[in-house]
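Peer 1: Heads up: the protein sequence lines correspond to chains W and B, in order.
When we follow our numbering, the leftmost residue of the first sequence carries the number 1, and every step to the right adds one.
When we follow our numbering, the leftmost residue of the second sequence carries the number 1, and every step to the right adds one.
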Amino acid sequence: MTGTAAAGLTAPGAGARIGAAMPWLLVPLLMLAGLLAMTVQAMPGEGETLAALLADPGLWPLRAPAALEAVLASWVTLTLAGLAMGMMVFLMASGLTLIFGLMDVINFGHGAFVSLGAFVGVSVLAALAGWMAAPSLPLNLAAVGAAVLAAMAVTGAAGYAFERVIVRPVYGAHLKQILVTVGGLIIAEQLIYVIWGPAEIYISRPEMLKGAMVFGGVALETYRLLAVAVGLAVFAVMGAVLRLTRIGLIVRAGVQDGEMVEALGYRLRRVFIGVFVTGSALAGLGGVLWALYQEVVTAHMGADLMVLVFVVVIIGGLGSVTGCFLGALMIGLVQNYTAFVEPKLALVSTIAVLVLVLMWRPTGMLARDRGRQS
Amino acid sequence: MIRLLSGDGPGGRLVSIAVLAIFLSLAFAPFVFEGTRALDTAARICVLIVLAASFDLLLGYAGIVSFAHTMFFGLGAYGVALSSLHMGRGFEALAAGTAAGAGAAAVLALVIGLFSLRVRAIFFAMITLAVASAVAVLVSQLSQITGGEDGLTYRIPRALTAAADHGTVPAFAIGGDLVLGGQRITGKIANYYLVFGGALLLFLLMLRLVNSPFGRVLQAIRENDYRAESIGYSVVRYRIAISVISAVIAALAGSLFAIWLRYVGPDTTLSFELMIDILLMVVIGGMGTLWGAVIGAVLLVLAQSYLRDVMGSAAERMADLPLLPQLLDPDRWLLWLGLLFVLSVYFFPSGIVGRLRGRR
Numbered sequence: 001m002t003g004t005a006a007a008g009l010t011a012p013g014a015g016a017r018i019g020a021a022m023p024w025l026l027v028p029l030l031m032l033a034g035l036l037a038m039t040v041q042a043m044p045g046e047g048e049t050l051a052a053l054l055a056d057p058g059l060w061p062l063r064a065p066a067a068l069e070a071v072l073a074s075w076v077t078l079t080l081a082g083l084a085m086g087m088m089v090f091l092m093a094s095g096l097t098l099i100f101g102l103m104d105v106i107n108f109g110h111g112a113f114v115s116l117g118a119f120v121g122v123s124v125l126a127a128l129a130g131w132m133a134a135p136s137l138p139l140n141l142a143a144v145g146a147a148v149l150a151a152m153a154v155t156g157a158a159g160y161a162f163e164r165v166i167v168r169p170v171y172g173a174h175l176k177q178i179l180v181t182v183g184g185l186i187i188a189e190q191l192i193y194v195i196w197g198p199a200e201i202y203i204s205r206p207e208m209l210k211g212a213m214v215f216g217g218v219a220l221e222t223y224r225l226l227a228v229a230v231g232l233a234v235f236a237v238m239g240a241v242l243r244l245t246r247i248g249l250i251v252r253a254g255v256q257d258g259e260m261v262e263a264l265g266y267r268l269r270r271v272f273i274g275v276f277v278t279g280s281a282l283a284g285l286g287g288v289l290w291a292l293y294q295e296v297v298t299a300h301m302g303a304d305l306m307v308l309v310f311v312v313v314i315i316g317g318l319g320s321v322t323g324c325f326l327g328a329l330m331i332g333l334v335q336n337y338t339a340f341v342e343p344k345l346a347l348v349s350t351i352a353v354l355v356l357v358l359m360w361r362p363t364g365m366l367a368r369d370r371g372r373q374s
Numbered sequence: 001m002i003r004l005l006s007g008d009g010p011g012g013r014l015v016s017i018a019v020l021a022i023f024l025s026l027a028f029a030p031f032v033f034e035g036t037r038a039l040d041t042a043a044r045i046c047v048l049i050v051l052a053a054s055f056d057l058l059l060g061y062a063g064i065v066s067f068a069h070t071m072f073f074g075l076g077a078y079g080v081a082l083s084s085l086h087m088g089r090g091f092e093a094l095a096a097g098t099a100a101g102a103g104a105a106a107v108l109a110l111v112i113g114l115f116s117l118r119v120r121a122i123f124f125a126m127i128t129l130a131v132a133s134a135v136a137v138l139v140s141q142l143s144q145i146t147g148g149e150d151g152l153t154y155r156i157p158r159a160l161t162a163a164a165d166h167g168t169v170p171a172f173a174i175g176g177d178l179v180l181g182g183q184r185i186t187g188k189i190a191n192y193y194l195v196f197g198g199a200l201l202l203f204l205l206m207l208r209l210v211n212s213p214f215g216r217v218l219q220a221i222r223e224n225d226y227r228a229e230s231i232g233y234s235v236v237r238y239r240i241a242i243s244v245i246s247a248v249i250a251a252l253a254g255s256l257f258a259i260w261l262r263y264v265g266p267d268t269t270l271s272f273e274l275m276i277d278i279l280l281m282v283v284i285g286g287m288g289t290l291w292g293a294v295i296g297a298v299l300l301v302l303a304q305s306y307l308r309d310v311m312g313s314a315a316e317r318m319a320d321l322p323l324l325p326q327l328l329d330p331d332r333w334l335l336w337l338g339l340l341f342v343l344s345v346y347f348f349p350s351g352i353v354g355r356l357r358g359r360r
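1. Please go through the same chain and pick out, in chain order, the residues whose beta-carbon is closer than 6 Å to the beta-carbon of F124/B, but skip the five residues on each side of it.
2. Flag G392/W as yes if its beta-carbon sits less than 7 Å from any beta-carbon of chain B, otherwise no.
3. Mind pulling the chain W residues with CB within less than 7 Å of Q326/B?
4. Give every residue of the same chain whose Cβ lies closer than 6 Å to the Cβ of G381/W, excluding the five residues on either side of it in the sequence, and list them in chain order.
5. Determine the chain W residues that contact M206/B at a beta-carbon separation under 7 Å, and present them in chain order.
6. Name the residue from D8/B, L280/B and T153/B whose alpha carbon lies nearest to the alpha carbon of L299/B.
7. Per DSSP, D8/B is paired with what?
8. Is the CB-CB distance between V27/W and L329/W below 7 Å?
9. Compute the beta-carbon to beta-carbon distance between T289/B and A77/B, rounded to the nearest angstrom, for a pair I have assumed lies under 8 Å.
10. One question on the structure: do F272/W and M92/W come within less than 7 Å of each other, judged by their Cβ atoms?
11. Taking the beta carbon of D320/B as the centre, do at least 16 other beta carbons fall within 10 Å, making it buried, or is it exposed?
12. Any Cβ of chain W within less than 7 Å of the Cβ of R332/B?
13. In or out: S320/W buried (at least 16 other Cβ within 10 Å) or exposed?
14. Mind checking T322/W: buried by the 16 CB within 10 Å criterion, or exposed?
15. Name the chain B residues whose beta carbon is nearer than 8 Å to that of G216/W?
16. In this structure, what does DSSP give as the bridge partners for T153/B?
17. Spell out whether any CB of chain W is found under 7 Å from the CB atom of M318/B.
18. Can you find the residues in the same chain that come closer than 7 Å, C-beta to C-beta, to V235/B, ignoring five residues on each side of it along the sequence?
19. Pull up the CB-CB distance for A151/W and V275/W, whole angstroms please, since I reckon it's below 8 Å.
20. Whole angstroms is fine: what's the gap from R155/B's alpha carbon to H86/B's?
21. Which residues of chain B have a Cβ atom closer than 9 Å to the Cβ of T350/W, listed in chain order?
22. Hey, L26/B and A81/B are a contact pair by Cβ (cut 8 Å); roughly how many whole angstroms apart?
23. Spatial neighbours of L14/B within its chain, please: C-beta separation below 7 Å, excluding the five flanking residues on both sides.
24. Let me check understanding here. Comparing Cα to Cα, which of I352/B, G292/B, S271/B and P325/B lies closest to H69/B?
25. Is any beta-carbon of chain B found at less than 7 Å from that of V312/W?
26. Following the continuous beta strand (DSSP E) through T168/B, name the residue where it begins and the one where it ends.
27. Measuring CB to CB, does G297/W end up less than 7 Å from A118/W?
28. Does chain W have any CB closer than 7 Å to the CB of V19/B?
29. Do F100/W and L318/W come within 7 Å of each other at the CB atom, strictly closer than that value?
30. Where does R332/B sit, in a helix, a strand or coil, going by DSSP?
31. Just to check my reading of the structure: G453/W and N336/W have Cβ atoms closer than 8 Å, yes? What is that Cβ distance to the nearest angstrom?
32. Is T186/B helix, strand or coil when you go by DSSP?
33. Helix, strand or coil: which one does DSSP assign to E221/W?
34. In chain order, what residues of the same chain have a beta carbon less than 6 Å from the beta carbon of I250/W, not counting five sequence neighbours either side?
35. With DSSP run on the structure shown, which of helix, strand or coil describes M208/W?
36. Would you please verify whether the beta carbon of G34/W is less than 7 Å from any beta carbon of chain B?
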């Protein structure tokens with residue numbers, strides 16, 4: 001994939017090549033940085049402080065290999081956790097970024113679909129408790145699949161209604177969009193309380209998706225592997241649809257220049273409704289996965305996750321699905337490494353990434369070229 | 001009087017009467033209303049009016065949505081709390097804390113503004129949301145400094161507490177048994193007037209600001225930023241300037257609140273619920289006019305206290321019907337406010353005040 005990012009340029013210099021590939025390189029670079037940070041933290045022996053050790057470079061080669069060996073297993077675990085988290089955030093954020101790219105609509109109520117999807121999914125899983133408890137992987141996956149399908153159907157329908165009722169009257173006015181969609185978020189959250197009650201609901205993972213697989217002393221949680229697989233699959237399908245199908249062509253052209261596409265006779269509004277519904281359904285999918293990841297659902301989980309989703313959408317570049325994917329992985333990794341090295345700074349590290357990326361590229365990593373001011 | 005209001009009266013007879021009634025009841029609250037709960041509500045209204053009005057500077061006058069307004073409010077409040085804890089009881093501590101809180105708010109607002117407004121105004125809404133929630137989480141986690149979820153309680157100068165006695169109001173009789181005045185002025189009441197005076201001063205200052213040439217440029221940017229830019233005003237600078245000013249005023253309101261409450265905690269100063277409340281106040285009261293913030297703040301506080309009771313009794317009466325009792329549960333009052341909020345953005349974008357003014 002790194003090659004394709006650079007291949008589109010005509011005879012670029014080395015600097016330009018690296019610049020174009022940089023967003024892709026950042027993910028492995030972050031993994032290395034995480035390993036480095038964890039190793040350094042593990043280096044001081046008994047009764048030593050980190051500062052004293054760092055001041056004495058002669059000691060480094062003695063300590064580093066042992067420390068590296070000590071942290072390697074947890075680094076792999078954390079990296080998988082970060083990727084899984086990133087994939088789930090990507091599922092929630094991808095719809096949002098396309099919705100913005102296509103129609104310049106910023107939907108602050110997107111988090112409502114995450115919560116709604118989670119609650120619907122959990123209800124379905126509770127109904128299928130027999131399948132969940134059975135020690136059979138196909139039955140477990142069928143239960144999760146049914147929950148996901150139900151959640152996506154409900155959130156897709158809710159997305160359609162949301163677009164019709166809440167968003168449609170305020171096209172073109174950002175201020176009103178933000179206000180109205182926040183209002184929609186409040187109403188949706190309260191309706192969830194009305195339907196499912198005010199208490200948080202606990203849910204345990206399906207029998208075969210609990211626990212971890214161990215490869216050579218490294219524990220890989222089964223559920224995280226599943227989340228990564230689902231995220232990668234969705235990213236691949238989205239990429240294929242956007243690049244290979246006619247509708248994808250129209251969507252991409254619409255992101256580039258909507259007016260021109262409409263002038264050519266395509267009804268962008270209809271395409272947009274489709275994108276809105278798909279984006280909402282994906283948020284619902286993300287919600288179910290997140291619910292099973294955390295093993296608890298609350299009505300405000302969507303609103304809480306929106307913080308991460310917005311950061312991801314901004315650093316990826318508004319309107320870019322690939323940027324959103326890379327941004328989500330970066331945020332997932334950074335959060336997990338920071339939570340290990342210095343737990344209190346986990347959320348602050350997200351803001352730090354945001355600041356650094358915006359200093360480097362003020363419109364995000366892979367923003368479309370045409371810049372709108374407001 | 002007109003000069004004091006910067007030539008921008010409430011406008012419209014109903015609005016004027018309402019504002020006058022609010023002013024009078026706040027000004028004489030300690031003597032008109034019985035009990036500490038009423039006084040507490042009055043002080044809360046004073047602070048919220050300033051907070052909502054400073055948010056209106058951004059939302060209504062500059063056309064920017066910020067979700068970090070409670071963060072600045074919290075900075076002011078925690079400034080007073082921390083200085084009172086570490087510098088000891090005294091007015092110097094209050095002053096130092098207020099100044100520190102306002103300064104921190106100004107710096108933070110400047111940095112956020114530089115990062116987000118420079119590129120796209122729409123970034124501002126998202127970035128403020130992210131930063132505000134990060135700060136809220138940080139405050140609840142750094143419990144050794146901020147007291148965490150429990151918050152901080154501290155002592156304010158004795159002259160401002162209920163123990164102090166500042167004499168009595170001179171009593172005079174208006175014929176028969178009707179006697180006015182004569183109440184004891186406790187430090188609590190002095191504290192209330194500190195809050196009231198500070199709030200009044202800040203409000204008049206904001207009124208002056210929005211009716212200055214600076215305020216006019218902001219409105220021009222709100223209406224059409226391309227045009228304002230081509231006339232020669234630096235849109236980014238004006239937007240950053242107003243976000244800093246609004247942050248400082250929010251921090252000052254936070255300091256007043258902290259002085260009144262003698263307690264700060266994440267729930268009372270930093271929570272997202274408070275942010276939603278402010279949004280509701282400004283939008284329902286009326287964006288783009290500071291008087292809207294006054295009406296909105298008073299309405300919301302009253303609704304918070306009384307709407308719940310009404311809803312509770314309604315829910316009890318309909319206990320036999322399906323779904324309705326759940327919808328009318330007092331805890332679901334935000335549902336109805338949310339509906340009101342969406343409807344008012346659609347149908348009354350200028351809010352109650354704009355609506356009433358329009359009928360003039």
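Each residue gets a CB set at the ideal place from its N, CA and C atoms; glycine is no exception.
Peer 2: Well, looking at it:
1. I64, S116 and L117
2. The structure shown does not extend to residue 392/W, since chain W is modelled only from 1 to 374, so the question has no answer here.
3. V194
4. Residue numbering for chain W in the displayed model covers 1 to 374; residue 381/W lies beyond these limits and cannot be assessed.
5. Residues of chain W passing the Cβ test: none, with the nearest at roughly 20 Å.
6. L280/B
7. The partner list for D8/B (beta bridge, DSSP) is empty, contrary to what the question assumes.
8. With a cutoff of 7 Å on beta-carbon distance, V27/W and L329/W are scored as near each other.
9. Not a contact, Cβ separation roughly 27 Å.
10. no
11. exposed
12. yes
13. buried
14. buried
15. Neighbours of G216/W on chain B: none; closest Cβ ~36 Å, over 8 Å.
16. Partner residues in the beta bridge of T153/B, as assigned by DSSP, are Y263/B.
17. no
18. I221, D225, A228 and E229
19. Incorrect: roughly 19 Å between the Cβ atoms, too far for contact.
20. 11 Å
21. A130 and A134
22. In fact, because the Cβ distance is near 25 Å, the residues do not count as touching under 8 Å.
23. L356
24. S271/B
25. no
26. D165 to T168
27. At residue 297/W the sequence reads Val, which differs from the Gly that was named. Contact: yes.
28. no
29. yes
30. helix
31. The question about residue 453/W has no answer, for chain W in this structure spans 1 to 374.
32. strand
33. In the three-state DSSP reduction, E221/W falls in the strand class (E or B).
34. Y266 and V271
35. Annotated three-state conformation of M208/W is helix, per DSSP.
36. It does not; no Cβ of chain B falls within 7 Å.
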